Amino acid sequence: MDTILKNAIASIQLGVEDFQSNDERRSLSAVRNLTAGILLLFKEKLRQLSPAGSDEVLIKKNIRPTPSAGGGVTFQGEGKKTVDVQEIKERFRSLGVEADFGRVDEVIRLRNDIEHYRTVATAETIKVALAKSFVVIRDFIAAELNEDPTNLLGEPTWSTLLEENDVYERELAACRAALDEIEWDSAALHQIAHHIRCQHCGSDLVRPTDPQVEHRYQLELRCFSCGQESSFDDVIEAAVGDFYEWDTYVAMTDGGDRPTATCHECGKETFILDEGKCVACNGELKFTECAICSEGLGPDDQDNNGLCGYHAWQAQKDD
275 MDTILKNAIA
285 SIQLGVEDFQ
295 SNDERRSLSA
305 VRNLTAGILL
315 LFKEKLRQLS
325 PAGSDEVLIK
335 KNIRPTPSAG
345 GGVTFQGEGK
355 KTVDVQEIKE
365 RFRSLGVEAD
375 FGRVDEVIRL
385 RNDIEHYRTV
395 ATAETIKVAL
405 AKSFVVIRDF
415 IAAELNEDPT
425 NLLGEPTWST
435 LLEENDVYER
445 ELAACRAALD
455 EIEWDSAALH
465 QIAHHIRCQH
475 CGSDLVRPTD
485 PQVEHRYQLE
495 LRCFSCGQES
505 SFDDVIEAAV
515 GDFYEWDTYV
525 AMTDGGDRPT
535 ATCHECGKET
545 FILDEGKCVA
555 CNGELKFTEC
565 AICSEGLGPD
575 DQDNNGLCGY
585 HAWQAQKDD
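Okay, here's the thing in structure tokens:
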């Protein structure tokens, strides 16, 4: 077994042991080890895909082209630095490797929040991290590494991950069902609602205290991990960011239109461009096209009194 895979297994096993210790001081260690284990599994896949004699080129941050004996070009790994999360995502995308980066990002975000004291690492918070990790670990080991998760991780570690995931999935299903009872007036918001997380601990085990509110800004959500409440206004911007994270990344890297914009009325990044409406405050566009050139207008143009940026600038210059 390669060293990277051995280290991945050890990290996951240590993370589970930290969780089972019931010592809150080891909570951060549990999340750190689980995160490290997952990323090492990903690097093991890249190592396996690296050509022989390339110094494991696909896991190296720096890649050096060198001439081959036949007059072509080969690529060699250079240095000791290995790829980070974003680079792993990009290489998996190019190579057609499947991984649940939505859940991975949630576990990493939880680790970062705990490290920077934005979230309290309670036992319930760590259970959520275990459950999220379980799905990623199970699917990746079986589908991409072609291994049996029970044999690879050992029965004690696997049983703990399986048990915590079963409990979490039951609780999550109940929370999602409660959110679905709300009469959302937006197709996008109905999907975004499943990305709402507690502002205090980051858990997605949240339910509305009363789903029958007249206006969405009255909505209060109780977290079943930490017990605290959040208002709709406190959590909607982060939920929109989570839901559109991949689309936003693609728009920034490959070009194209972003799916969201900053609302001209409430100032949140919650204006859904496809719907022409803000899901936080329900704000809509007063001006939809330039009065001079008929160019489409967005939230950023609403202060121009019906003109696009260029013609608004021209009007100011002529004054």
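If you're matching positions, the sequence shown starts at 275 in the numbering used here and goes up one per residue.
Beta carbons: idealized from backbone N, C-alpha and C, even for Gly.
Computed from a prediction, not measured in an experiment: that's the story for all the values here.
Item: Pairwise C-alpha distance: L495 and T431; Value: 33 Å
Item: C-beta contact flag for N226 and F408 at 8 Å; Value: In the structure as shown, the chain begins at 275 and stops at 593. Residue 226 is therefore absent and cannot be evaluated.
Item: Reduced DSSP secondary structure (H/G/I, E/B, other) of L419; Value: coil
Item: Cβ contact check for the segment 488-505 and the segment 418-432: 3 or more pairs under 8 Å; Value: no
Item: Beta-carbon proximity of D478 to L453, cut-off 8 Å; Value: no
Item: Assigned exposure category for N579 - 16 Cβ within 10 Å defines buried; Value: exposed
Item: Limits of the unbroken beta strand (DSSP E) element including K335; Value: K334 to P341
Item: Nearest candidate by alpha-carbon position, reference E519, set L308, F375, R306 and E291; Value: F375
Item: Secondary structure of A565, DSSP reduced to three states; Value: coil
Item: Three-state secondary structure (DSSP) of P430; Value: helix
Item: Simplified DSSP state of E554, which is helix, strand or coil; Value: Note on identity: in this sequence residue 554 is Ala, with Glu being the wrong assignment. It is coil, neither helix nor strand.
Item: Supposed contact pair A512 and R471 - C-beta distance, whole angstroms, cut 8 Å; Value: 6 Å
Item: Enclosing beta strand (DSSP E) for V487 [first to last residue]; Value: Taken as a continuous stretch (DSSP letters only), V487 belongs to no beta strand (DSSP E), as it is neither H nor E.
Item: Rounded Cβ spacing between F517 and Q473 (contact assumed at less than 8 Å); Value: Incorrect: roughly 16 Å between the Cβ atoms, too far for contact.
Item: Paired residues, beta bridge with T504 - DSSP; Value: The sequence shown places Ser at residue 504, not Thr. Beta-bridge pairing links S504 to L495.
Item: Proximity to F561 [Cα-Cα], best of G501, D574 and C555; Value: D574
Item: The segment 327-344 / the segment 297-315 touching (three or more Cβ pairs under 8 Å); Value: no
Item: Buried or exposed by the 16-neighbour rule on C-beta atoms within 10 Å, applied to Y442; Value: buried
Item: The alpha helix (DSSP H) enclosing K363, as first and last residue numbers; Value: V359 to L369
Item: Other residues of its chain near E455: CB distance less than 6 Å, five sequence neighbours each side excluded; Value: P485
Item: DSSP-derived helix/strand/coil call for T536; Value: coil
Item: Distance between Q590 and F366 (C-alpha atoms, nearest Å); Value: 49 Å
Item: Option in A525, K401 and T356 with minimal Cα separation from C475; Value: K401
Item: Residues of its chain near S317, where Cβ-Cβ distance is below 6 Å and the 5 sequence neighbours each way are ignored; Value: Ser is not the amino acid found at residue 317; the sequence shown has Lys there. I278 and I333.
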